[in-house]
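The numbers in numbering that gives the first Met the number 0 rise by one with no breaks, and the one at position 20 of the sequence shown is 19.
For each residue, glycine too, the CB sits at the ideal point set by N, CA and C.
Because the structure is a prediction, the values reported are computed rather than measured.
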Amino acid sequence: MKQPEKFQLRTETREGRCIVYVSGELDLEVATQMRAAMAPLVELRDRELSLNLRDLKYIDSTGIGILVSVLKARNASQAPFSVEAIPPGIRKLFDMTGITPFLTGQKQEQ
Numbered sequence: 000m001k002q003p004e005k006f007q008l009r010t011e012t013r014e015g016r017c018i019v020y021v022s023g024e025l026d027l028e029v030a031t032q033m034r035a036a037m038a039p040l041v042e043l044r045d046r047e048l049s050l051n052l053r054d055l056k057y058i059d060s061t062g063i064g065i066l067v068s069v070l071k072a073r074n075a076s077q078a079p080f081s082v083e084a085i086p087p088g089i090r091k092l093f094d095m096t097g098i099t100p101f102l103t104g105q106k107q108e109q
């Protein structure tokens with residue numbers, strides 16, 4: 000049986016952007032760790048916050064909820080937020096839930 004990929008976060012600040020690289024599995028088991036790591040970053044209103052999901056292997060509804068919470072907090076403070084390098088399987092899940100346009104900054108006109 001294959002071991003789940005360990006959840007990891009790595010943060011990099013570059014050219015006025017704070018980039019958080021998320022890898023492994025983002026689920027209920029690591030939700031507290033993800034929230035704790037994101038809390039101070041969400042408050043950084045003077046720079047763009049971007050999540051790079053290139054190495055994210057799995058996300059459950061709890062993980063999606065965390066992303067939506069970050070999005071709402073950043074929108075409330077009018078601070079830029081984006082999600083980039085979304086793997087195809089995870090993008091499909093985001094598409095099914097309808098959150099892709101909000102996370103990628105490509106809001107569709109109604």
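Range of the contiguous alpha helix (DSSP H) that encloses residue i
i	result
residue 73	60 to 75
residue 98	That residue, residue 98, is in no alpha helix (DSSP H); it is neither H nor E in DSSP.
Boundaries (first-last residue) of the beta strand (DSSP E) holding residue i
i	result
residue 8	7 to 13
residue 25	16 to 25
residue 82	80 to 83
C-alpha distance - residue i paired with residue j, whole-angstrom precision
i	j	result
residue 62	residue 12	23 Å
residue 69	residue 103	13 Å
residue 59	residue 71	19 Å
residue 89	residue 19	17 Å
residue 85	residue 52	5 Å
residue 39	residue 99	24 Å
residue 31	residue 65	10 Å
residue 45	residue 78	7 Å
Rounded Cβ spacing between residue i and residue j (contact assumed at less than 8 Å)
i	j	result
residue 4	residue 24	6 Å
residue 21	residue 50	6 Å
Residue i classed as buried or exposed, judged by whether at least 16 other C-beta atoms fall within 10 angstroms
i	result
residue 33	buried
residue 37	buried
residue 73	buried
residue 55	buried
Within-7 Å CB hit, residue i to chain C
i	result
residue 71	Protein chains in the displayed structure number just one, and chain C is not present.
Beta strand (DSSP E) segments (min. 3 residues) lying fully within the stretch 31 to 59: 47 to 58
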